[in-house]
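*Asks:* The sequence shown stops at residue 296 when you use this note's numbering, and every number in between is there.
Backbone N, C-alpha and C define an ideal beta-carbon position, used for all residues, glycine too.
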Amino acid sequence: MVVQCPRDQWMFDCGENVQRQMMQAKVSFHRKMKIFITHLHGDHVLGLPGLLQTMALMDRKEPVQVYAPKGLKEFLLCAKETLNFGLTYTVEINEILSEGIVCDEAEYQVIATKSNHAIASYAYAFVEKPRPGKFYPKKAVALGVPAGELWSKLQRGEEVQATKGNVVKPSDVMGPKRPGRKIVYTGDTKPFENFGKFAEGADLVIHDCTFDNSLTEKADTDGHSTPSQAAAQAKAANAKKLVLFHISARYPDASLLLEQAKEVFSKTILAEDYLELELPLNE
Ligand SMILES: [Zn+2]
Ligand SMILES: [Zn+2]
Numbered sequence: 014m015v016v017q018c019p020r021d022q023w024m025f026d027c028g029e030n031v032q033r034q035m036m037q038a039k040v041s042f043h044r045k046m047k048i049f050i051t052h053l054h055g056d057h058v059l060g061l062p063g064l065l066q067t068m069a070l071m072d073r074k075e076p077v078q079v080y081a082p083k084g085l086k087e088f089l090l091c092a093k094e095t096l097n098f099g100l101t102y103t104v105e106i107n108e109i110l111s112e113g114i115v116c117d118e119a120e121y122q123v124i125a126t127k128s129n130h131a132i133a134s135y136a137y138a139f140v141e142k143p144r145p146g147k148f149y150p151k152k153a154v155a156l157g158v159p160a161g162e163l164w165s166k167l168q169r170g171e172e173v174q175a176t177k178g179n180v181v182k183p184s185d186v187m188g189p190k191r192p193g194r195k196i197v198y199t200g201d202t203k204p205f206e207n208f209g210k211f212a213e214g215a216d217l218v219i220h221d222c223t224f225d226n227s228l229t230e231k232a233d234t235d236g237h238s239t240p241s242q243a244a245a246q247a248k249a250a251n252a253k254k255l256v257l258f259h260i261s262a263r264y265p266d267a268s269l270l271l272e273q274a275k276e277v278f279s280k281t282i283l284a285e286d287y288l289e290l291e292l293p294l295n296e
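1. Put Glu94 into one of helix, strand or coil per three-state DSSP.
2. What residue range is occupied by the uninterrupted alpha helix (DSSP H) comprising Phe208?
3. How about His54: is its Cβ closer than 6 Å to a heavy atom in ligand 1?
4. How many Å lie between His54 and Glu276 at the Cα?
5. Go ahead and label Asp286 buried or exposed: buried means 16 or more other beta carbons lie within 10 angstroms of its beta carbon, across all protein chains shown.
6. Does the beta carbon of Asp26 fall short of 6 Å from some heavy atom of ligand 1?
7. In angstroms with no decimal places, state the Cα-to-Cα distance between Ala244 and Thr199.
8. Can you list, in chain order, the residues of its chain with a C-beta nearer than 6 Å to that of Leu269? Leave out the 5 residues immediately preceding and following it.
9. Once DSSP output is grouped into helix, strand and coil, what is the label at Met11?
10. Is it the case that the stretch 154-166 contacts the stretch 56-66, given that we only count it when at least three CB pairs across the two stretches are under 8 Å?
11. Just verifying my parser: in three-state terms, what is the DSSP assignment at His130?
12. Can you find a heavy atom of ligand 2 that lies under 6 Å from the Cβ of Asp235?
13. Mind checking which residues open and close the alpha helix (DSSP H) that includes Thr234?
14. Specify the secondary structure class of Leu290 as computed by DSSP and reduced to three states.
15. Can you give me the C-alpha to C-alpha distance between Glu291 and Met24, rounded to a whole angstrom?
16. Near Ile282, which residues of its chain fall below 6 Å by C-beta distance, leaving aside the five closest residues on each side in sequence?
17. Under 6 Å from any heavy atom of ligand 1, does the C-beta of Asp221 make it?
18. Hey, which unbroken runs of the beta strand (DSSP E) at 3 residues or more fall wholly within the stretch 220-277?
19. Candidates Ile48, Gly209, Phe208, Pro192: which alpha carbon is nearest Pro76's?
20. Taking the C-alpha atoms as reference points, what is the distance between Lys254 and Asp233?
21. Closest to Lys231 by CA distance: which of Leu163, Thr95, Glu206, Thr202 is it?
22. To the nearest angstrom, how far is it from the Cα of Asn295 to the Cα of Asp117?
23. Starting from Arg113, follow the beta strand (DSSP E) in both directions and report where the run begins and ends.
24. Per DSSP, what kind of secondary structure is Val158 in: helix, strand or coil?
25. Roughly how many angstroms lie between the CA atoms of Lys248 and Val173, to the nearest whole one?
26. Is the beta carbon of Ala138 sitting closer than 7 Å to the one on Val186?
27. When you measure from the CB of Asp201 to every non-hydrogen atom of ligand 2, does any distance come out below 6 Å?
Shown next as structure tokens:
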């Protein structure tokens, strides 16, 4: 799963087939990239050594940051030494030791919370920081601020001096801050208690949905969720949209799972390869 922003891309989990999928989906191997691994099961992490090696063969220069539970560093070092490959760029490995903000950038942050799987695992929330409020040119003119550089200053959050000498604050000419967008990615998980709070108001929840409702017991044993459980989690979070993913290969047609989820949460869709969703800005 890749989140593409204007300047960066953020990858969540990195399964075996990732390089081919990136090529098919035209995801760049050279852009700024951070990779977040939920847990150290093969289907979530085995693509990583190959991807890092390929990026070196492509002479990548931009560093890559990887965030993962403890153990990933050893796994990657072992692969790198055994396969004897060099890198043309820096790989920063950040092992996550506790819940909270794991990555904080100017415009976005990523928050981790423990999920409920067979081994140590984290779910991630990708949270865009609030955007400045709407700018009202008429208000600015009325307060004696002419169009031009002073408007830009106000929009950047700076106070300015108007023509009559009075001070005009950004809040005099701008609306309230606009909320950023939020995407929650669970990796493999059973339902867990604080999910509603963690994912509150998410524009998009991408949730484990491995087995249908008739296999609830198996889902529980294996540390996975059913459609009803995934939907209840999205509902508890007041999410705007739910995407079911990590669907077992036993379902060549997963429409049964979609129906079961929709009974609880109607705004649900099924993930499929190369599915692209655009999240509009919140006004
Ligand atoms: Zn797993
Ligand atoms: Zn898995």
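*Replies:* Quick look at the numbers:
1. helix
2. 208-211
3. yes
4. 31 Å
5. exposed
6. no
7. 13 Å
8. Asp225
9. No answer is possible for residue 11: it lies beyond the span of the chain, which begins at 14 and ends at 296.
10. no
11. coil
12. no
13. 229-235
14. coil
15. 16 Å
16. Val256
17. no
18. 255-258
19. Ile48
20. 24 Å
21. Thr202
22. 21 Å
23. Sequence inspection shows Gly at residue 113; the Arg mentioned does not correspond to that position. Note, Gly113: beta strand (DSSP E), 113-117.
24. coil
25. 45 Å
26. no
27. yes
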